[in-house]
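Asks: Quick one: structure below, then a few questions.
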Amino acid sequence: MTFMADHRSFEDLVAEGAAVPTEGWDFSWFEGRASEARPSWGYARSAGERLARAEAALDIQTGGGEVLDFALSRAEPDRPRLIAATEGWPPNVAKATALLRPRGAVVVAAPDDAPLPFADGVFDLVLSRHPVHPHWEEIARVLRPGGTYFAQHVGPASVFELVEYFLGPQPEAVRSGRDPERERAAAQAAGLEVVDLRAERLRMEFHDIAAVVHFLRKVVWMVPGFTVEAYEPRLRALHERIEKEGPFVTHSARHLFDVRKPSH
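When you line the sequence shown up against the numbering used here, it's residues 80 to 343, in that order.
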């Protein structure tokens, strides 16, 4: 894909990035102005294959439901008899409900850090794409014996070139958070078997400052409390850098979990 530099003024680009709605996990607005390499395992496609074999499925922290909707479209006509999803942010709950209801899925409003609002052993498949924190004990509780947790997590120091541009060098404890091996140990401590765990770092590029502004508004935990006003000098300097040197390059971290609850 060829990207054309956008030479509008700093003020115009920032205003655009600040105006784009942030609900859901649809990243199509970034097309042509930011890019991210995709993990080799193709999470949404693989989730669709598993949904086609499942009887009862749960998607945790579904966002606007976009990933589950795509996965269910790949599972047709063999979608599960029971499909549920949880989401904690009210605008996303409404968006996910509208998107997933035609697929036969029920969206339940539930805080990300609360116990899952389901009985024990309901689901033979639990999915999640980029959960804030995996609550392994709850995942183990709602899975049937022999059931699977299949998820793509954000890994350590993800997009930290961008984070540290705005916040400065981060402590090692912050950089090493979301470590896949620690998560493996936590899953095993909850009585789950880790069948497969893969990790990749992937190139990301931001081609204009509007994309940076929209990304930091959308993925709010990257630079907590981000506003254009608070970071205007750094944004302006980054705009000038992109204009002079080309895209700002950073790297995302992703890992894939395939986890099983023992049958006995």
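Every residue gets a Cβ at the ideal spot worked out from N, C-alpha and C, and that includes glycine. Everything numeric in this text was worked out from a predicted model, so none of it was measured.
(1) Would you call the segment 191-206 and the segment 159-174 in contact, with 3 or more CB pairs under 8 Å?
(2) Classify residue 334 as helix, strand or coil using the three-state DSSP reduction.
(3) Residues in its own chain within less than 6 Å of residue 81 by CB, not counting five upstream and five downstream?
(4) By how many angstroms is the C-alpha of residue 291 removed from the C-alpha of residue 312?
(5) For the segment 224-296, which segments carrying the alpha helix (DSSP H) assignment without a break, of at least 4 residues, lie completely within its bounds, in sequence order?
(6) Please say whether residue 259 and residue 278 have beta carbons closer to each other than 8 Å?
(7) In three-state terms, what does DSSP make of residue 176?
(8) In angstroms, rounded to a whole number, what distance separates the CA positions of residue 308 and residue 91?
(9) Looking at residue 141: is its Cβ nearer than 8 Å to the Cβ of residue 297?
(10) Only counting the same chain, and skipping five residues up and downstream in sequence, which positions put a Cβ closer than 6 Å to that of residue 335?
(11) State buried or exposed for residue 323, treating a residue as buried only when at least 16 other CB atoms are found within 10 Å of its CB.
(12) Going by the beta-carbon positions, is the gap between residue 203 and residue 226 smaller than 8 Å?
(13) Which full runs of the beta strand (DSSP E) of 3+ residues lie inside the segment 147-221, going along the chain?
(14) Measuring CA to CA, which of 305, 275 and 211 is closest to residue 139?
(15) Report the option in 265, 319 and 305 whose CA atom is closest to the CA atom of residue 285.
(16) Cutting at 8 Å between CB atoms, please list the residues of its own chain near residue 149, excluding the five before and the five after it.
(17) Measure the alpha-carbon distance for residue 110 versus residue 342 and round it to whole angstroms.
(18) How many Å lie between residue 151 and residue 300 at the Cα?
(19) Can you pull the DSSP bridge partners for residue 138?
(20) Tell me the rounded alpha-carbon separation between residue 208 and residue 125.
(21) Applying the criterion that 16 or more other CB atoms from any shown protein chain within 10 Å of the CB defines a buried residue, is residue 306 buried or exposed?
(22) Look at the alpha carbon of residue 157 and the alpha carbon of residue 135, and state the distance between them as a whole number of angstroms.
(23) Within 10 angstroms of its Cβ, does residue 234 collect 16 or more other Cβ (buried), or is it exposed?
(24) Residue 222: which of 271, 333 and 115 sits nearest, CA to CA?
(25) Are the beta-carbon atoms belonging to residue 175 and residue 159 less than 8 Å from one another?
(26) Using only the alpha-carbon positions, how far apart do residue 95 and residue 177 sit?
Replies: With the structure as the only source:
(1) Yes, the segment 191-206 is in contact with the segment 159-174.
(2) Counting from one through the sequence shown, the residue named residue 334 turns up at place 255. In the structure shown, residue 334 sits in a strand (DSSP, three-state: E or B).
(3) In the sequence shown, the residue the question calls residue 81 occupies position 2. Residue confidence for residue 81 is low, a pLDDT of 41 falling below 50, so the modelled location carries little weight; the figure read from the coordinates is stated next. For residue 81, where only same-chain residues beyond five positions count, there are no Cβ hits under 6 Å.
(4) Position 233 of the sequence shown, counting from 1, holds the residue named residue 312. Position 212 of the sequence shown, counting from 1, holds the residue named residue 291. As the crow flies, the alpha-carbon of residue 312 is around 14 Å from that of residue 291.
(5) Complete alpha helix (DSSP H) runs here, min 4: 239-246, 251-254 and 259-268.
(6) The residue labelled residue 278 in the question sits at position 199 within the sequence shown. The residue labelled residue 259 in the question sits at position 180 within the sequence shown. In this structure, residue 278 places its C-beta atom within 8 Å of the C-beta atom of residue 259.
(7) The residue given as residue 176 occupies position 97 in the sequence shown. Helix at residue 176.
(8) Here residue 308 is taken as the residue at index 229 of the sequence shown, counted from 1. Here residue 91 is taken as the residue at index 12 of the sequence shown, counted from 1. Roughly 14 Å separates the two Cα atoms.
(9) The count along the sequence shown starts at 1 and reaches residue 141 at position 62. The count along the sequence shown starts at 1 and reaches residue 297 at position 218. In this structure, residue 297 does not lie closer than 8 Å to residue 141 by Cβ.
(10) Position 256 of the sequence shown, counted from the start, is the residue given in the question as residue 335. The residues 120, 231 and 277, in chain order, have a CB closer than 6 Å to that of residue 335 in the same chain once the five nearest residues on each side in sequence are set aside.
(11) Locating residue 323 in the sequence shown gives position 244, counting from the first residue. Exposed, since its Cβ has fewer than 16 Cβ neighbours within 10 Å.
(12) Numbered from its first residue, the sequence shown carries residue 203 at position 124. Numbered from its first residue, the sequence shown carries residue 226 at position 147. Yes. Within cutoff.
(13) As far as the segment 147-221 is concerned, its whole beta strand (DSSP E) runs of at least 3 residues are 161-166, 184-188 and 202-208.
(14) The count along the sequence shown starts at 1 and reaches residue 139 at position 60. Of the candidates 305, 275 and 211, the residue whose Cα lies closest to the Cα of residue 139 is 211.
(15) Position 206 of the sequence shown holds residue 285. Measuring C-alpha to C-alpha distances from residue 285 to each of 265, 319 and 305 identifies 319 as the nearest.
(16) The residue labelled residue 149 in the question sits at position 70 within the sequence shown. Scanning its chain for C-beta atoms nearer than 8 Å, with the 5 sequence neighbours on each side dropped, one finds around residue 149 the residues 123 and 127, in chain order.
(17) Residue 110 sits at position 31 when you count from the first residue of the sequence shown. Residue 342 sits at position 263 when you count from the first residue of the sequence shown. Looking at the two C-alpha atoms, the distance is approximately 44 Å.
(18) The count along the sequence shown starts at 1 and reaches residue 151 at position 72. The count along the sequence shown starts at 1 and reaches residue 300 at position 221. Each residue's alpha carbon lies about 28 Å from the other.
(19) Here residue 138 corresponds to residue number 59 of the sequence shown, with the count starting at 1. Its beta-bridge partners are 164 and 206.
(20) Counting from one through the sequence shown, the residue named residue 208 turns up at place 129. Counting from one through the sequence shown, the residue named residue 125 turns up at place 46. Spanning the two alpha carbons is a distance of roughly 12 Å.
(21) Here residue 306 refers to the residue found at position 227 when the sequence shown is read from its first residue. So residue 306 counts as exposed.
(22) Indexing the sequence shown from 1 puts residue 157 at position 78. Indexing the sequence shown from 1 puts residue 135 at position 56. Their backbone Cα atoms lie some 12 Å apart in a straight line.
(23) The sequence position of residue 234 within the sequence shown is 155, counting from 1. When all chains shown are included, residue 234 counts as buried.
(24) On the sequence shown, residue 222 is found 143 positions in, with the first residue counted as 1. Closest by C-alpha distance to residue 222, out of 271, 333 and 115, is 271.
(25) Counted from its first residue, the sequence shown places residue 175 at position 96. Counted from its first residue, the sequence shown places residue 159 at position 80. Annotated as distal: residue 175 and residue 159, with beta-carbon spacing of 8 Å or more.
(26) Here the question's residue 95 lines up with position 16 in the sequence shown. Here the question's residue 177 lines up with position 98 in the sequence shown. Those two C-alpha atoms are separated by around 26 Å.
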